[in-house]
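First residue of the sequence shown? That's 23 in the numbering used here, and the numbers climb one at a time after it.
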Amino acid sequence: MNVLLRRPGRFLLAYWTITLAMAVALLVPRPGTSLTTRTITLLTGQMVTLDKSGMPQPANGLIESSSSSGDAYAIPAKLLRAVGTFYDPKLFDVSYLESRGFGDDQTHTMPVLISFKNRAAALTAFSRQTVEGIHITHVFEYLPVASGYVSKNGPYVLESAAVLNGSGVPVTGSANVDATPSGSGAANADGITGLYLDDKVTVSPEQPAPLLDSALPIIGADVARAHGLTGKGVRISVIDTGIDESHPDLKGRVVSQKNFSSDNDTVDHFGHGTHVASIAAGTGAASDGKYGGVAPLAQLINAKALSSRGSGTDSGIMQAMEWSADQGAKVINMSLGGGPTDGTDPMSRAVNAISEKKGVLFVIAAGNSGPRVKVSTPAAADQSLAVGAIDKERDLAAFSSRGPRLKDMALKPDIVAPGVRITAARANYGSGSPYATYSGTSMATPMVAGSAALVWQLHPTWTALQVKGAMISAASPIGLQCAVSAFDQGSGVVDLARLVNQSVMVAPGSLSFGTLTGGNGKLTAQIVNLKKDAISLTFNVIACPSSSAADELVNVSPAKLTVPGADSKQATVSVSGFKRSGTYFGSVQILADGKLVAQAPYGFVIK
């Protein structure tokens, strides 16, 4: 999976539209302009020759094709049905592989992520060191995935074994190279259920603009500060390019650090991680507090997964995720991401597994590829709090990635925050300005991560899902009613002013129906009373676009609900009668004494 820092710059349009999550994205020039031919050896051993235009030349046993994005594929004929299920299509996207530095003149190995049916199978494979031609180098702690590589000098992945499950039955799957790999569910004799490219992580170049101080009131951070909330005692991990802990705004803030990149240190030579960390938890010391972060007394964990060149690997990031959770992080900020997925890719699965086992809230940039169906991994994960960006006029940023989620049309992103022209700490600034100003969901994400730390300080016994649900429930929609889709903004802008006095929240937060076949569906919402006294509630449904058909309904049952103090009750939200194809969204508003106390965005797609 290609992972990119969410800062403006370039993006590569490949099998999945690879995204950046910052300001304006530009296409990377397509490979193939060289006057000489090049070769790429596939993990199955076939050597593919690219012509001067970057297209694969015909070869026995290989099927050459192209995707809707224009990328060139060379797929062994016998594997065709398994590409998109067992095999990550990027392993055979030769134009993409060359552009990412996996050509034969660039590397002698093909790095991979290997998904197993269980962790025991992964550990067994690791003990053998080489399985199916794959050298196993690391087994992840919280999900059955390992990292490794295939040498271009052999041995290679054994096609017959890799495509067959333990019973010798072919792994079935779509031959459509535009499908997102989600794992076939079938395992071969070694317990392998899927192979993915362990892609390179790249970053985008800096694009200074000219304010953190003006952004904080937009999310109500000034109100939270007046209530004494500073994030004290809460640990935020920043998985990024490192943190310049010598910066006055971050001095003494880092309590744990480790390097997962190709560098030999945890220093931020690139600058992105320092900027992100200071938005979440900087003190503003170099500006007399003007550019202080959202949670200035939170503790920071520096999980450096991207090098001084702004590059790294999916597996390195996944190791940083596990380590951060083991270091006691309550919030993990990931201002990075790859192309859009359906949330079943290895990194998204890692988010879900670590969240469930360690109680960590992952706050992740949604992406920077704009509309539509572009929310990237690992923000696409079910358990993530996926963040989009607005400007300081509370308008959705043009670059902010919109949903629905790829394939299943689930509701993502979850929330938005200011991400345009945000001033925060500059790494290694020397005699220059101690601050820099950037735009992107890279900047919006630590706004939300810092806000989550404040919520956890206010409610230290809460679970990650409670913090996530509360933040979604208290958010404030942007724009006029129905003007901005829930698939674009989630629940709206994080609202700390409402959170500090919140009386009601909805679990799990958003009501994501996905694709409704037949136009009918039901979801159960848990309505939680955060106060000591019982509260009587009513519901108001905002439906967008407004329906002209009498039988098209979004209903909440029961219509009235009394929830005892510090307790919860269930309500059923049902969709019925929708026959016309289209994307529908809205909000279930929860009122007490006629006043809005919480909301839950909903969305569904009729095909």
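Glycine included, C-beta positions come from ideal geometry on N, C-alpha and C. All of these numbers come straight from a predicted model, not from anything done at the bench.
Member of the options whose CA lies at the smallest distance from the CA of residue i
{"i": "Ser637", "options": "Pro393, Lys312 and Thr445", "result": "Because the chain here runs from 23 to 629, residue 637 falls outside it and cannot be looked at."}
{"i": "Pro586", "options": "Val610, Asn562 and Ile557", "result": "Ile557"}
{"i": "His297", "options": "Val515, Ile85, Asn450 and Thr594", "result": "Asn450"}
{"i": "Leu545", "options": "Asn577, Leu559 and Val516", "result": "Asn577"}
{"i": "Pro426", "options": "Tyr624, Val105, Pro133 and Ser598", "result": "Tyr624"}
{"i": "Ala505", "options": "Tyr118, Cys566 and Ser453", "result": "Cys566"}
{"i": "Gly360", "options": "Met343, Ala588 and Gly389", "result": "Gly389"}
{"i": "Lys601", "options": "Phe626, Ser473 and Lys617", "result": "Phe626"}
{"i": "Ala588", "options": "Leu538, Ser534 and Met527", "result": "Met527"}
{"i": "Asp212", "options": "Ala447, Val172 and Ile136", "result": "Ile136"}
{"i": "Arg76", "options": "Leu64, Gly83, Thr59 and Met69", "result": "Here the sequence assigns Gly to residue 76, which means Arg is not the residue at that position. Among Leu64, Gly83, Thr59 and Met69, the Cα nearest to that of Gly76 is on Thr59."}
{"i": "Gly250", "options": "Ala475, Gly334 and Ala447", "result": "Ala475"}
{"i": "Thr11", "options": "Pro580, Thr605, Asp290 and Trp484", "result": "Any property of residue 11 remains undetermined from this structure, which presents the chain solely from 23 to 629."}
{"i": "Leu119", "options": "Arg331, Pro78 and Ala529", "result": "Pro78"}
{"i": "Ala94", "options": "Asp517, Val409, Ser453 and Phe114", "result": "Phe114"}
{"i": "Leu322", "options": "Ser300, Ala342, Ala209 and Arg331", "result": "Ser300"}
{"i": "Phe282", "options": "Thr61, Asp271 and Val260", "result": "Val260"}
{"i": "Pro435", "options": "Pro499, Ala447 and Thr483", "result": "Pro499"}
{"i": "Asp517", "options": "Ala246, Thr459, Phe509 and Ser453", "result": "Ala246"}
{"i": "Ser333", "options": "Ser590, Leu358, Lys352 and Ala529", "result": "Leu358"}
Distance, residue j Cα to residue i Cα
{"i": "Asp404", "j": "Tyr457", "result": "35 Å"}
{"i": "Gly306", "j": "Val316", "result": "10 Å"}
{"i": "Trp345", "j": "Gln548", "result": "32 Å"}
{"i": "Thr152", "j": "Ile158", "result": "6 Å"}
{"i": "Leu21", "j": "Tyr109", "result": "Nothing in the structure corresponds to residue 21, since the chain is present only between 23 and 629."}
{"i": "Asp244", "j": "Leu521", "result": "12 Å"}
{"i": "Val116", "j": "Val395", "result": "25 Å"}
{"i": "Arg122", "j": "Lys222", "result": "7 Å"}
{"i": "Glu574", "j": "Leu238", "result": "40 Å"}
{"i": "Val185", "j": "Ala104", "result": "Note that Val185 scores 48 on pLDDT, short of 50, meaning its location in the model is unreliable and no value can be drawn from it."}
{"i": "His130", "j": "Asn175", "result": "8 Å"}
{"i": "Gly365", "j": "Asp126", "result": "31 Å"}
{"i": "Met340", "j": "Met369", "result": "7 Å"}
{"i": "Val385", "j": "Ile494", "result": "12 Å"}
{"i": "Asp615", "j": "Leu487", "result": "27 Å"}
{"i": "Val161", "j": "Lys139", "result": "13 Å"}
{"i": "Pro192", "j": "Ala96", "result": "Below a pLDDT of 50, predicted positions are generally treated as unreliable, and Pro192, at 43, falls in that range; the measurement from the model is reported next regardless. Distance between the alpha carbons of Pro192 and Ala96: 20 Å."}
{"i": "Lys280", "j": "Ala303", "result": "19 Å"}
{"i": "Ile564", "j": "Asn542", "result": "18 Å"}
{"i": "Asp658", "j": "Pro133", "result": "Outside the modelled stretch of the chain, which goes from 23 to 629, sits residue 658, for which no answer is possible."}
{"i": "Gly67", "j": "Gly253", "result": "53 Å"}
{"i": "Ala497", "j": "Gln611", "result": "12 Å"}
{"i": "Leu559", "j": "Ser596", "result": "18 Å"}
{"i": "Met44", "j": "Ile354", "result": "Any reading at Met44 must be qualified, since the residue scores a pLDDT of 26, below 50, and its modelled position is unreliable; no value is offered."}
{"i": "Thr539", "j": "Ser598", "result": "11 Å"}
{"i": "Ala519", "j": "Lys490", "result": "16 Å"}
{"i": "Gly531", "j": "Leu102", "result": "40 Å"}
{"i": "Ser206", "j": "Lys429", "result": "Caution is warranted here: a pLDDT of 46 is assigned to Ser206, below 50, making its placement in the model unreliable, and no coordinate value can be reported."}
{"i": "Met343", "j": "Ala209", "result": "26 Å"}
Cβ-based burial, residue i [other Cβ within 10 Å; buried from 16]
{"i": "Leu502", "result": "exposed"}
{"i": "Met356", "result": "buried"}
{"i": "Ser609", "result": "buried"}
{"i": "Ala620", "result": "buried"}
{"i": "Ala248", "result": "exposed"}
{"i": "Glu163", "result": "buried"}
{"i": "Gln479", "result": "buried"}
{"i": "Gln21", "result": "Nothing about residue 21 can be read from this structure; the chain reaches only from 23 to 629."}
{"i": "Met69", "result": "exposed"}
{"i": "Gly514", "result": "buried"}
{"i": "Val277", "result": "exposed"}
{"i": "Glu415", "result": "exposed"}
{"i": "Arg257", "result": "buried"}
{"i": "Thr55", "result": "The predicted model places Thr55 with a pLDDT of 37, which falls under 50 and marks its position as unreliable; any figure quoted below should be read in that light. Counting Cβ neighbours within 10 Å, Thr55 comes out exposed, since fewer than 16 surround it."}
{"i": "Thr594", "result": "exposed"}
{"i": "Ser226", "result": "Confidence is the limiting factor: at Ser226 the pLDDT is only 48, short of 50, which leaves the residue's position unreliable, though a coordinate-based value still follows. Ser226 is buried by the Cβ-count criterion."}
{"i": "Gly83", "result": "exposed"}
{"i": "Asp290", "result": "buried"}
{"i": "Thr467", "result": "buried"}
{"i": "Pro111", "result": "buried"}
{"i": "Asp510", "result": "buried"}
Every unbroken alpha helix (DSSP H) within the segment 562-588, with a cutoff of 4 residues, ordered by chain: With a minimum length of 4 residues, no continuous alpha helix (DSSP H) run stays inside the segment 562-588.
Touch test, the segment 320-335 against the segment 258-266, Cβ-Cβ under 8 Å, three pairs minimum: The segment 320-335 is in contact with the segment 258-266.
Length-filtered (3 minimum) beta strand (DSSP E) runs lying within the segment 406-492: Correct list: 407-412, 437-440, 444-447 and 457-460.
Cβ contact check for the segment 382-401 and the segment 367-374: 3 or more pairs under 8 Å: Touching, yes.
Beta strand (DSSP E) segments (min. 3 residues) lying fully within the segment 303-360: 321-326 and 353-356, all fully within the segment 303-360.
Uninterrupted alpha helix (DSSP H) stretches inside the segment 216-283 (no shorter than 4 residues): Correct list: 234-237 and 243-248.
Continuous beta strand (DSSP E) assignments of at least 3 residues falling wholly in the segment 509-542: For the segment 509-542, whole beta strand (DSSP E) runs of length 3 or above, ordered along the chain, are 526-529 and 533-537.
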